[in-house]
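Colleague: Pasting a structure below so you can have a look.
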Amino acid sequence: MNIFRLAGDMSHLLSVILLLLKIRTTKSCAGISLKTQELYVVVFLARYLNLFTRYYSFYNTVMKLVFIATSVCIVWYMRFHKVVKQTYNKDLDTFRHYVVIPPCFLLALLVHHEFTVMEVLWTFSLYLEAVAILPQLILLQRTRNIDNLTGNYIFLLGAYRALYLLNWIYRFFMEKAQARWISWISGLVQTALYADFFYYYIKSWKNNEKLKLPA
Amino acid sequence: NPKLPQKDEL
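In the order they appear, the protein sequences are chains A and B. The working numbering numbers the first residue of the first sequence as 54 and each following residue consecutively. The working numbering numbers the first residue of the second sequence as 3 and each following residue consecutively.
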């Protein structure tokens, strides 16, 4: 474990906790994309299958369970909670997210480290996570006023994989870890998708004004 | 096997 990976995991954990707090306290999921949340459930289920087959550490196991539980909980709130589901921007969250699943799976069948079920699903989860934020970013452009909690949630979510990029650089040089091209390229694509959000988020933070993405 | 990257990350 290195400081970059720990910071990345904490940023990721904080983002999901922030989102859950926003939904629970405001009883609203306005501005949040259900499509992105559902893609994240698929990402975590496909990636954390080794939860039952390999024990790395208490930390690793607990964090996997937390990410699976929180992502399922958020989808439950947005789909079934009687008050929260009324606040879902159904008409704005129109990205057909099931469209991205088959290409990611097909790519995982073609490009992977090893052709086994676990490895292909793990690779699929990396490709899917790289594009999972798209519905949320598109919804943001359609949302007039983005509340602070949502902005912070997306910033932390983007920051986590950016920190993982630093973690991979650290591991490659310091631990002489072998090249992880699939993780590296997926992580780069994922972080690049946040580029313009980061720009407008930091700009709004510097000028102390409301976060606004150009349509 | 050693060639597979460690899955110790989240």
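By construction, the Cβ of each residue, glycine as well, lies at the ideal position given by its N, Cα and C atoms. Quantities reported herein were computed from a predicted structural model and do not represent experimental measurements.
Which whole-angstrom value is the C-beta distance of residue 81/A and residue 189/A, which I expect to be below 8 Å?
Modeller: Between residue 81/A and residue 189/A a beta carbon distance of about 16 Å is seen, past the 8 Å cut, so the two are scored as non-contacting.
Colleague: What does residue 113/A touch in chain B if you count any residue whose Cβ is under 8 Å from its own?
Modeller: 10 and 12
Colleague: Just how far apart, CA to CA, sit residue 197/A and residue 265/A?
Modeller: 7 Å
Colleague: Just to check my reading of the structure: residue 121/A and residue 101/A have Cβ atoms closer than 8 Å, yes? What is that Cβ distance to the nearest angstrom?
Modeller: 6 Å
Colleague: In chain B, which residues lie with their C-beta within 9 Å of the C-beta of residue 5/A?
Modeller: No statement about residue 5/A is possible, as the shown extent of chain A runs from 54 to 268 and does not include it.
Colleague: Assign residue 245/A to one of two classes, buried (16 or more other C-beta atoms within 10 Å of its C-beta) or exposed (fewer than that).
Modeller: Exposed: under 16 other Cβ atoms inside 10 Å.
Colleague: Give the DSSP-derived three-state secondary structure of residue 240/A in the structure shown.
Modeller: helix
Colleague: Please work out which residues of its chain come closer than 6 Å, Cβ to Cβ, to residue 268/A, disregarding the five sequence neighbours upstream and downstream, and give them in chain order.
Modeller: 194
Colleague: Given residue 145/A, which residues of its chain have a CB within under 8 Å of its CB, disregarding the five upstream and five downstream residues?
Modeller: 192, 195 and 196
Colleague: For the stretch 173-256 of chain A, which segments carrying the beta strand (DSSP E) assignment without a break, of at least 3 residues, lie completely within its bounds, in sequence order?
Modeller: none
Colleague: Less than 8 Å between the CB atoms is what I'm expecting for residue 181/A and residue 153/A, so what's the real figure, rounded?
Modeller: That pair is a contact at about 7 Å.
Colleague: Under a Cβ-count criterion, where at least 16 other Cβ atoms within 10 Å of its own Cβ denotes burial, should residue 75/A be classed as buried or exposed?
Modeller: buried
Colleague: How should residue 263/A be labelled, buried or exposed, when 16 other C-beta atoms within 10 angstroms of its C-beta is the threshold for buried?
Modeller: exposed
Colleague: Alpha carbon to alpha carbon, what distance is there between residue 103/A and residue 147/A?
Modeller: 33 Å
Colleague: Let me make sure I understand the geometry here. Which of 230/A, 251/A, 254/A and 214/A has the alpha-carbon closest to that of residue 241/A?
Modeller: Out of 230/A, 251/A, 254/A and 214/A, 214/A has the C-alpha closest to the C-alpha of residue 241/A.
Colleague: Do residue 199/A and residue 247/A have their beta-carbon atoms positioned less than 8 Å apart in this structure?
Modeller: no
Colleague: Pop quiz: residue 178/A and residue 99/A are said to be a contact at Cβ under 8 Å. What is the actual Cβ separation, rounded to whole angstroms?
Modeller: 4 Å
Colleague: So is residue 289/A in contact with chain B if we call contact Cβ pairs under 8 Å?
Modeller: The displayed coordinates of chain A run from 54 to 268. Any statement about residue 289/A would go beyond what the structure contains.
Colleague: Please check the pair residue 217/A and residue 55/A, which I expect to be a contact at CB under 8 Å, by giving their CB distance rounded to whole angstroms.
Modeller: Actually they are not in contact, since the Cβ atoms of residue 217/A and residue 55/A sit about 11 Å apart, beyond 8 Å.
Colleague: Which residue from 137/A, 118/A and 261/A puts its Cα closest to that of residue 201/A?
Modeller: 261/A
Colleague: CB residue 161/A to CB residue 176/A, shorter than 8 Å?
Modeller: yes
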